[in-house]
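Inspection log for the structure reproduced underneath, given as C-alpha cells.
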Amino acid sequence: MLKLLGLKAESEPNVTEEELKLMLRVAELSGAIEEEEQDMIENVLEIKDTHVKEVMTPLVDVMAIDAHATLMDFHKLWVLEQFSRVPVFEQRIDNIVGIAYAMDLLDILQNQKQLDGSVVGDIVQPAFFVPDSMSVWNLLREFRIRKVHMAVVLNEYGGTIGIVTMEDVVEEIVGEIFDENDSKEEIQKKTGYIVKQGDGIFDVDTGTSIDQLCEDLDITLPEGHQYETVSGFICETFGCIPRAGESVKVVLERVEREEDNGYKTEDPHHTRSKEKYQIYKLEILAGTARKVSSVRFKRVKQGDLDAVAPKFTHVVPKIMRTRLRVHEKLPKDDDRKLFQDRIDDKADHANLS
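According to the UniProt record's numbering, the sequence shown is numbered sequentially starting from 1.
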C-alpha cells in the first residue's frame with residue numbers, strides 16, 4: 001500500500017520490545033490481562049536472549065544408563081524413574097553416545113528371549129548435540145524440525161555439560177511443570193526452596209535461582225556476575241567450596257519496595273543509608289566436598305553501615321566481606337575452623353556482630 005502511494009516503508013518497527021513490555025505491564029495493572037498472561041508473553045519475548053546453558057539440567061544431575069547394560073536393567077530404571085528418554089553413555093557419563101526410548105523397550109518386553117539377550121546399545125537412537133551458547137528460541141525451532149525432545153549440551157571444548165529437553169523450553173514460557181510422579185524432594189530439587197525460619201532467618205537450597213533469592217529476601221546483587229544459582233553465589237563469596245559449619249558475613253543492597261515508607265529506592269533524597277544495605281551471616285548447613293546443598297541467611301543487627309564499610313578489606317559492588325589481610329600468615333597447625341574463627345574476630349572488631 002505504501003509503494004502505491006509513493007511512500008517508503010519504515011525499516012524500524014513501530015513498537016520496540018521494551019515498549020511492548022511496558023504496554024503489557026500497563027494492561028496487567030488495568031486488569032485487561034492477568035499477571036500470568038503478562039509473564040508468559042514476556043517470557044516468549046525473552047527466550048531469544050536466553051541461552052541453553054541457563055535452562056539445561058547439569059551433568060551432575062543427569063540420570064543415564066550404560067550402553068552395555070541389559071534391557072532388563074533399563075526396564076528396572078524405567079519402573080523406578082518413569083523416564084521416557086534416557087541418555088546412553090559408554091565408559092563415562094560425559095561420553096553420551098545416544099538416547100534410549102522407553103517406547104522401544106516396551107515393543108520387545110513380550111519377547112523374553114530378545115529381552116534377555118540384548119543390551120541398551122542395541123536399541124539406542126542417535127543423540128542431538130547442541131552448544132551451550134545456543135538460544136532457547138533456536139533450540140525450540142530445532143526440536144520442531146528434527147522432531148526430537150531431548151538434546152545433549154556441549155561446551156566450547158566439545159565436552160558434555162548437561163542435557164536439555166522440550167519440557168525445559170516450555171517451562172521457560174509457562175513456568176515449572178510437575179506431574180503425579182514428582183515427589184516433594186524432586187520438586188524442591190528442581191525449583192530450589194527458601195524457608196523462613198524466623199525474623200530475618202532463611203534456610204535456602206543452593207539450587208534456588210538468584211532471581212528468586214533476591215525477590216524473597218528483598219535484596220539485589222551486583223550486575224555482571226557469572227552465576228545463576230545460590231550455589232554459585234556462595235562459592236564466589238567464600239572463594240572456595242565451603243564445608244558445613246563455615247560462615248561469613250556479607251553486606252547486600254536492600255531493595256526498597258514502593259509501598260515501604262511511601263517511596264522507591266531510586267529516590268536518593270529519601271533513601272536512608274541504614275535501610276539501603278543489610279548485613280547477613282551466611283552459614284553452610286549441608287554439603288559435600290564437591291557442592292554446597294543448603295545455606296542459612298541470617299540478618300545481623302548493625303549500626304550505621306557507612307561508618308564501618310571502609311574497614312572491609314574485600315569489596316565487590318554491593319557485596320563486602322571480611323577477610324584476613326594478605327600478609328597475615330597462618331601457623332602450619334592452624335586448621336580451617338580456626339581460620340574461620342579469626343575471620344569472625346575480624347568482623348567483631350569492625351562492630352558487625
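Idealized CB from N, CA, C, for every residue including glycine.
- Beta-bridge pairing by DSSP links T16 to no other residue.
- For M72, there is no enclosing beta strand (DSSP E); the residue is part of the alpha helix (DSSP H) that begins and ends at L71 to E81.
- Note on the segment 148-230: whole beta strand (DSSP E) runs with a minimum of 3 residues are 150-154, 160-165, 194-198 and 201-205, in chain order.
- Approximately 30 Å separates the beta-carbon atoms of V52 and D122; this is outside 8 Å, ruling out the contact.
- In the DSSP annotation of this structure, the continuous segment of the alpha helix (DSSP H) that includes Q38 starts and ends at E35 to E46.
- The beta carbons of P87 and V62 sit closer together than 8 Å.
- Contact check between the segment 289-301 and the segment 198-214: three or more CB pairs, one atom from each, fall below 8 Å, which counts as touching.
- Excluding five sequence positions before and after L22, none of the CB atoms of its chain fall closer than 7 Å to its own CB.
- CA-CA distance, K276 to C214, rounds to 14 Å.
- For I108, the enclosing alpha helix (DSSP H) has its first and last residue at A102 to I108.
- Residue environment analysis places S84 among the exposed positions, since fewer than 16 neighbouring C-beta atoms fall within 10 angstroms of its C-beta.
- Here the C-alpha atom of N43 lies approximately 9 Å from the C-alpha atom of G175.
- For the pair T208 and I194, the CB atoms are nearer than the 8 Å cut-off.
- A Cβ-Cβ distance of about 29 Å is found for the pair S118 and L154, leaving them out of contact under the 8 Å criterion.
- Rounded to the nearest whole angstrom, the CA to CA distance from A289 to I241 is 7 Å.
- When the beta-carbon positions are compared, V120 and A100 come within less than 8 Å of each other.
- In the structure shown, G121 adopts helical secondary structure according to DSSP, grouped into three states.
- Distances from the CA of A151 to each of L59, S247 and G287 were compared; the closest alpha carbon is that of L59.
- Approximately 7 Å separates the beta-carbon atoms of A64 and I96; this is inside 8 Å, confirming the contact.
- Separation of G98 and Y227 (C-alpha to C-alpha, rounded to the nearest whole angstrom) is 30 Å.
- The three-state reading of DSSP puts K21 in helix, counting H, G and I together.
- Looking at C235, V255 and P222, the one whose alpha-carbon comes closest to that of V248 is C235.
- Taking the CA atoms as reference points, D73 sits about 20 Å from D94.
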